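Residue numbers (my numbering): 107 to 206.
Heads up, the thing below is written out as structure tokens.
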């Protein structure tokens, strides 16, 4: 028989994951760049054209990435809330059991 692994999730892990993904989401959401800001910086038209193309593609990819990270962050927030609710319910149930 194959052994089964147990998954241990702690409130620290859930909260830390939520906070870290939140910071990534915030960075992606507030990142501003414009290929116009760099016009003339490169001094060579081909290089400037390549950068402009990359910048346009990056904006599209960044938006897709931002949406996916935002969904992940919302899931982690919900998971953290549910985890906290379960902990509170367990503590409350143990208090009632101790009093009874």
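The C-beta atom is built at its ideal place from N, Cα and C for all residues, glycine as well.
Note that the structure is a prediction, hence the values are computed from the model and not measured.
- Using a Cβ distance threshold of 8 angstroms, residue 175 and residue 120 do not count as a contacting pair.
- From the listed residues 132, 199, 125 and 158, the smallest Cα separation to residue 171 is found for 132.
- Ranking 191, 183 and 203 by CA distance to the CA of residue 129 puts 183 first.
- Straight across, the Cα-Cα distance linking residue 153 with residue 165 is about 18 angstroms.
- Taking a contact as a CB-CB distance under 8 angstroms, the pair residue 117 and residue 189 counts as one, their CB atoms being some 6 angstroms apart.
- For residue 193, the enclosing alpha helix (DSSP H) has its first and last residue at 151–205.
- A straight line joining the alpha-carbon of residue 135 with that of residue 169 spans about 8 angstroms.
- Straight across, the Cα-Cα distance linking residue 179 with residue 124 is about 6 angstroms.
- Measuring C-alpha to C-alpha distances from residue 137 to each of 167, 157, 186 and 181 identifies 167 as the nearest.
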